[in-house]
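For reference, the structure discussed in these notes is given below.
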Amino acid sequence: MIKLKKVYDRIIDIRKLDSDNCEITRLENENYNFSTLEGINTENSAEEKYLIYNCSESGTKFNYNQYTKISSNTADSIPIFLFKNWDDEMEQYYECYDNLDNNNKRKKLTNFFNEKISFYTDLINVKDKLRLYVNVPENFNEYIPDVNSMDAIEGYIYNFSLKELKKLFNITGRELFKENVRRGLNKNITVDEIKKSFRNYLYSYIYLEIKDKYGGEKKNLNLIREIENELEITFSYMNCPKYFWFYHNGITIFSYDEKKIDRSGSCITLNPNHVSVINGAQTLTNFYLELENVKRKAPKILSRYDIDKTYIHNLLEEAYDKTIVKTILISGKKEFVKPITYGLNSQVPVLNEHILADSLEVSKINLILKKGSMEILKEGDFSIYGKGMNVLEFTKKYLVIEKKPGKSKNLSKKDIFDILNESLNNIQKNENFYLSAFELLLDLDVWWQKSKKNRDLLYKKENYKIINSYGKNYFGSYIINKYFSDNNSYDYNDDYYEIQYSEFVKKFGDKDINLSLSDFKKDDLFKGYITSIANKDINEVRNIIDKIMLDELKDYLNTLEVSVYTVSSAISEYLNRNKIELEYFRVIKRTEKKCKEAYPFPNSCFNEIYLDKNCFDEENDNFDLKLDFENSKFKKEILNIFPVFVLEYTKNNNGVNNIQYIPEFTFQSYSDEAKKVFDLTIDAFFEGDELSFPKTSDNLCFHVRPKAINSKDTFEFTNGEQITKRTFWANKSTVEMLIDNFLKNKNK
504 MIKLKKVYDR IIDIRKLDSD NCEITRLENE NYNFSTLEGI NTENSAEEKY LIYNCSESGT
564 KFNYNQYTKI SSNTADSIPI FLFKNWDDEM EQYYECYDNL DNNNKRKKLT NFFNEKISFY
624 TDLINVKDKL RLYVNVPENF NEYIPDVNSM DAIEGYIYNF SLKELKKLFN ITGRELFKEN
684 VRRGLNKNIT VDEIKKSFRN YLYSYIYLEI KDKYGGEKKN LNLIREIENE LEITFSYMNC
744 PKYFWFYHNG ITIFSYDEKK IDRSGSCITL NPNHVSVING AQTLTNFYLE LENVKRKAPK
804 ILSRYDIDKT YIHNLLEEAY DKTIVKTILI SGKKEFVKPI TYGLNSQVPV LNEHILADSL
864 EVSKINLILK KGSMEILKEG DFSIYGKGMN VLEFTKKYLV IEKKPGKSKN LSKKDIFDIL
924 NESLNNIQKN ENFYLSAFEL LLDLDVWWQK SKKNRDLLYK KENYKIINSY GKNYFGSYII
984 NKYFSDNNSY DYNDDYYEIQ YSEFVKKFGD KDINLSLSDF KKDDLFKGYI TSIANKDINE
1044 VRNIIDKIML DELKDYLNTL EVSVYTVSSA ISEYLNRNKI ELEYFRVIKR TEKKCKEAYP
1104 FPNSCFNEIY LDKNCFDEEN DNFDLKLDFE NSKFKKEILN IFPVFVLEYT KNNNGVNNIQ
1164 YIPEFTFQSY SDEAKKVFDL TIDAFFEGDE LSFPKTSDNL CFHVRPKAIN SKDTFEFTNG
1224 EQITKRTFWA NKSTVEMLID NFLKNKNK
């Protein structure tokens, strides 16, 4: 049993929190295994909150339903799971996985485990000493370049079994690779081949042992052949574990402890808290993952032949005990770690972008990005914030923001370092803009992927197909230019993307030239678009009703069987086909003259309250009312005039029954009510009480409620807590009253 205080001290140290200002709360009302840890990050002064789930105590197991419930109530927290060791984590994961009754829950479980931080309590129990027994201890090599130097660095080459090295990995997990340029490898063809080869070693050993035990009798020949086929092995005598040493480069372990490695007798004693595998991360992680995979799969296959599960597990223990890997042990000062790990290669080369992900420049950029719950990741890492990019993705998105979509798509990797330096300089000068822009592009990534089928259905011209395939970066620059040129006056939800994409396709696709991939690898088309932008006469919007055949539009939507979620893009496509210019519009959906949902205003109306530095008295570190309704973006939206399509759906949602077009929709007549809601919202910020935000039930015509991409899409409230992002909404009844009044006046 360990004392939890030691666990918390370790977590505070690893996460770089100010130990003097941390607050730990046990969630005893929920379950004694849960607690929260709140503190200030010493690197960027950001407030961070962690949800700690202790699954390491005797008699406790990961509980899916319990965690789902509690984590949903603490969506702004970074999850940390406590296990005894890596084996304990794998056992609890697979046990829970097997007990879940559908694939959605299993996928969610896998996401829980991918997106959390693991901490193993056995690491505390072993303190600072771990013994690893050497295979043939007298058979080693050493290199000590300067025995008398204070900066002496020493190197030793030993042979360890993968079973023995598992003792180190088991108590450290992925933290064993914390000083590596990458923590493993993401899924790709090469990694799949590596994992397959590891699987082959294990299956070959099982096969040979079974063949040796049962293959002596002729009656078992068919059995052996069937087992060979079932295991799907490519059998070769050279796949035996004893030959593993010859086919793999080995691993390098760096010890940067103040004490030198103890090399007495037949074992090596080192401090597991101060070592890191700086080469060979994929060898260890993929081998041990495949070992777990085979432990689960092989007994199920071989049970058909009445071969005992315990027998198979014993064979696997033998297999990885006989799998020997050459291991370089380096003992020296920590400043040697990075240059050595950069210089090493393994089965999958360390690329320049992997090195840059571990650079000082990226570290500084991450300090800013994390304020928006985003980060640049090392190769093989998962984002604990839910919004991660590798170096290449970040660099490309930066160029998209800078309106260089062609260069982004055709990026030369040799330019990445210079672009990182440029981006760091610009982001430091204008944090809010770049945080908003990167967030917009990450959200666009999600929309682009899930809208593919709909875009392929709607945009079938040859140029449109090319844009659908290669135009994502161009569309990103188009959106950035459009959104920020309009002072964030629109909300970038799915409807917004669909409407803007329809306009984008028309602007870039309706040309006399035939587009190709090469056009999107250059910036020429986008430069031409920027120079051709002109303000549109509002009268075109007001009089556009004369050009729209509403019955024809209704039939068009019903023929396509467009869902309520993609109707905006379908309307845009109809307008484009009929050469009708309409830069922006909103769609309001009703059934029996009742709105299906409340009307959301752009997030920027609410964001400016906590993002605008003028709202804060920095000297006294207090919220200060310098922003009022009269100069707010919310009032600007209330006074805004814009076109609206009102779609009346049948009661059973079988299609659109009627369409009304309102060319000059506005909330101007409700300006006084909007001011009341705005002032009450400011009061809630003063009080630091999110429950004081105006609600629908207050019958104030408008209200405030959440509107976020996901549960991790949060902002820091004035009480210091991270709460879900939200915005102003018009009540359904308010929108219904306006529509009825507009339509009555239209009929008059």
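Quick note: the sequence shown uses my numbering, first residue 504, plus one each step.
We put the CB at the ideal spot given by N, CA and C, even for glycine.
Bear in mind that the values here come from a model prediction, so they are computed numbers and not experimental data.
- Your pair S621 and G676 checks out as a contact, with CB atoms roughly 5 Å apart and the cut at 8 Å.
- Close CB contacts of L927 within its chain, under the 8 Å cut and outside five residues either way in sequence, are with E864, K867, I868 (chain order).
- Excluding sequence positions up to five before and after I827, its CB lies within less than 6 Å of the CB of N638, N662, S664, W748, all in the same chain and listed in chain order.
- According to the DSSP secondary-structure assignment, F1148 is paired through a beta bridge with V1090, Y1164.
- Straight across, the Cα-Cα distance linking D1015 with E965 is about 12 Å.
- For K932, the number of other beta carbons within 10 angstroms of its own is below 16, and it is reported as exposed.
- Judged by DSSP in its simplified three-state form, S1019 adopts coil rather than helix or strand.
- The way I'd put it, the stretch 1001–1018 does touch the stretch 968–980; three or more beta-carbon pairs between them come closer than 8 Å.
- When secondary structure is reduced to three states using DSSP, S779 falls in the strand class.
- Contact between the stretch 1192–1206 and the stretch 1081–1095 is absent: fewer than three C-beta pairs spanning the two stretches fall below 8 Å.
- Within the stretch 1193–1247, the beta strand (DSSP E) runs of at least 3 residues that lie entirely inside it are, in chain order, 1205–1209, 1217–1219, 1225–1227, 1229–1233.
- DSSP, read as helix, strand or coil, puts T545 in coil.
- Per the Cβ contact rule, the stretch 796–806 is not in contact with the stretch 769–782 (fewer than 3 Cβ pairs under 8 Å).
- I833 is not a Cβ neighbour of G974, given a cutoff of 7 Å.
- The beta carbon of N544 sits closer than 7 Å to the beta carbons of K519, L520, E551 from its chain, once the five residues preceding and following it are set aside; these are given in chain order.
- M1052 counts as exposed, since fewer than 16 other beta carbons sit within 10 angstroms of its beta carbon.
- The beta carbon of S580 lies closer than 7 Å to those of T539, K552, Y553, L554 in the same chain, with the five residues before and after it left out.
- In the structure shown, the three-state DSSP call for R518 is coil.
- Residue pairing from DSSP places E657 in a beta bridge opposite S834.
- In this structure, the beta-carbon distance from E793 to K698 falls below 7 Å.
- Closest option to Q1225, judged by alpha-carbon separation, among K669, Y704, I1242, G875: G875.
- Between N976 and V903, the C-beta gap is smaller than 7 Å, which places the two residues in contact.
- Considered as a whole, the stretch 574–621 harbours 589–602, 606–618 as its complete alpha helix (DSSP H) runs of no fewer than 4 residues, in chain order.
- Per the C-alpha coordinates, the member of L1130, Q1171, K1154, F1132 positioned closest to N1143 is Q1171.
- The beta carbons of E1001 and S939 sit no closer together than 7 Å.
- Separation of A1101 and E594 (C-alpha to C-alpha, rounded to the nearest whole angstrom) is 46 Å.
- About 7 Å separates the beta carbons of K1228 and P1209, which is inside the 8 Å limit, making them a contact pair.
- Minimum Cα-Cα distance from D1131 among the listed residues K1178, Y1173, V1159, N1061 corresponds to K1178.
- Burial is judged here by how many other beta carbons sit within 10 angstroms of a residue's own beta carbon; Y750 has fewer than 16 and is exposed.
- Within its own chain, the residues whose Cβ lies closer than 6 Å to the Cβ of R958, once the five positions on either side in sequence are excluded, are N971, listed in chain order.
- In the three-state reduction of the DSSP assignment, L530 falls in the coil class.
- In this structure, the beta-carbon distance from K716 to K825 does not fall below 7 Å.
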